[in-house]
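*Asks:* As they're listed, the protein sequences go chains A and B. Per the working numbering, the first sequence starts with residue 856, numbered consecutively. Per the working numbering, the second sequence starts with residue 856, numbered consecutively. Let me give you the structure first, and then I'll get to my questions.
Protein chains: 2
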Amino acid sequence: MSDRRAQRHEATRQEILEAAWALARERGLTGWSLRDVAESVGMRAPSLYGYFDGKDAIYDAMFAQGYEQLLARLDELPTRGDPAEVLGRGAHAFVDFCVSDPPRHQLLFQRVIPGFEPSAESYALAREVLSRLHAILADLDLDRPGTVDLWTALLTGLASQQASNDPGGDRWTRLVDRAVDMFLASELTRA
Amino acid sequence: MSDRRAQRHEATRQEILEAAWALARERGLTGWSLRDVAESVGMRAPSLYGYFDGKDAIYDAMFAQGYEQLLARLDELPTRGDPAEVLGRGAHAFVDFCVSDPPRHQLLFQRVIPGFEPSAESYALAREVLSRLHAILADLDLDRPGTVDLWTALLTGLASQQASNDPGGDRWTRLVDRAVDMFLASELTRA
DNA sequence: GTCTATAAATGGATAGAC
DNA sequence: GTCTATCCATTTATAGAC
């Protein structure tokens, strides 16, 4: 029975997080309050403290959840085969992931919330993503020092410009294939 | 005498803006209040309304100032000559500009402040930067559609990753030359 | 587990005296 | 031009009743 209680508790936690994400998408990553979240789930603000230690704890759970979602996307991708195909699929998946949820992009990849730092547990997920990325590129014989960093800079740059300067459009997302070709040509000639 | 008054007024405006920048660098772009700014310049909060219409007006002036600073940097750069040289100088200048002041980077290139939109006058400066960039690249015969956008994505990506994930270090800034070579090789082969 | 009530602080902004 | 005083709203968070 404690099991059922724990399940219900966890379900409510997820409801709260989903409400927070929805508000972030509507009003910006920092444009909502605990009262707003509480109202969205039919509660009063103090009741949230039964599920989270405070607003930063909610941000931390969102941070972890965002990276878990990214890891799930990476799991669906092919990791071997033609480098252009593997990188192209990965690039589109990643940029889509970022552009489809700008506040998530800000939370995961930019330092936007004054005072907020992810917990060690949450940050470990971020490192896991990096580690997977490194493994994928290494499998393609792209493992010069800095290659992963150049790759992430290129993709987050495209995504960030798209979200900030042409929300809803495709001015930068349509450059993804060109960026992949550029990256691959450059890296392969020196591999 | 009205001239002297206007000069003093403008000087105080600059003092206020400089205090706001300093606070933004210390506590994050949104981590300060009008009271904080006022205290920094030896005033009380209401007195600021003699110089700005409110907090968003300060953000707007900062936005304009940031782009004016960027335009000034661009003015110091060579715009003709060896493409690798021109692009390399420009890339280093731009990334340094971004990394040296992360909150400025957020204000100019990311949508971070809930509800804030730059005024038409301020936004015109942003378009002026883009226009200059376009002219520089066109002079180098790099004027395919999308070339400017790929360039800005690459450079803001490097700068953003550097500021967010290795503040004070050089993990991404040291990739600037490599990024320039990559970009130039790719663009020249199709020009 | 959720509520009311409230603390305690902070925020942007305005009115009116000097 | 700057101040004091204050408004009014908002925020995170806690105490304690039910």
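Using N, Cα and C, we set each Cβ at its ideal position, and we do this for glycine too. Just so it is clear, the structure is predicted and the values come from calculations on it, not from any experiment.
Using a 10 Å radius around the Cβ and a threshold of 16 neighbouring Cβ atoms, would you call GLN869/A buried or exposed?
*Replies:* Exposed, by the Cβ-count rule.
*Asks:* Over the uninterrupted alpha helix (DSSP H) stretch that includes PRO957/A, give me the two end residues.
*Replies:* 957 to 964 is the span of the alpha helix (DSSP H), which, as asked, contains PRO957/A.
*Asks:* Just to confirm the assignment, what range does the alpha helix (DSSP H) spanning ILE991/B have?
*Replies:* Note, ILE991/B: alpha helix (DSSP H), 975 to 994.
*Asks:* Out of curiosity, what's the CA-to-CA distance linking VAL954/B and ARG863/B?
*Replies:* Cα-Cα distance, rounded: 32 Å.
*Asks:* Would you say the region 1023 to 1040 of chain A touches the region 940 to 948 of chain A, given that touching needs at least three Cβ pairs under 8 Å?
*Replies:* Counting Cβ pairs under 8 Å, three or more are found: they touch.
*Asks:* Quick one: residues in its chain with C-beta nearer than 7 Å to the C-beta of ARG859/B, no 5 flanking neighbours on either side, listed in chain order?
*Replies:* Nothing listed; no residue qualifies.
*Asks:* In angstroms with no decimal places, state the Cα-to-Cα distance between GLU931/A and ALA948/A.
*Replies:* Approximately 10 Å, taken between the alpha carbons.
*Asks:* Under 8 Å by Cβ, that's how I've got LEU926/A and GLU983/A pegged, so tell me the actual separation to the nearest angstrom.
*Replies:* Sure, about 7 Å apart at Cβ, within 8 Å.
*Asks:* Okay, do the region 867 to 886 of chain B and the region 901 to 909 of chain B touch, 3+ Cβ pairs below 8 Å being the bar?
*Replies:* Because the criterion of three Cβ pairs below 8 Å is met, the region 867 to 886 of chain B and the region 901 to 909 of chain B touch.
*Asks:* Run through chain B and tell me which residues come within less than 9 Å of GLN965/A, C-beta to C-beta.
*Replies:* Those within 9 Å of GLN965/A in chain B are GLN961, GLN965, VAL967, SER1015, ALA1018 and SER1019.
*Asks:* How would you list, in chain order, the residues of chain A whose beta-carbon sits under 9 Å from the beta-carbon of LEU997/B?
*Replies:* Correct list: empty, because the minimum Cβ distance to chain A is about 13 Å.
*Asks:* Which chain B residues are close to THR934/A, counting only those with a beta carbon under 9 Å from its beta carbon?
*Replies:* Here the premise fails: no neighbours, minimum Cβ distance about 23 Å.
*Asks:* Find the residues of chain A that neighbour PHE882/B, judging by a C-beta separation of less than 9 Å, and give them in chain order.
*Replies:* At residue 882/B the sequence reads Arg, which differs from the Phe that was named. Within 9 Å Cβ-Cβ: PRO969 and GLY970.
*Asks:* Assuming ARG1026/B and ASP1004/A make a contact with CB atoms under 8 Å, what is their CB distance in whole Å?
*Replies:* Confirmed, about 6 Å.
*Asks:* Mark LEU1043/A as exposed unless 16 or more other C-beta atoms lie within 10 angstroms of its C-beta, in which case mark it buried.
*Replies:* So LEU1043/A ends up on the exposed side.
*Asks:* Please state the DSSP three-state secondary structure of TRP876/B.
*Replies:* Here TRP876/B sits in helix by DSSP.
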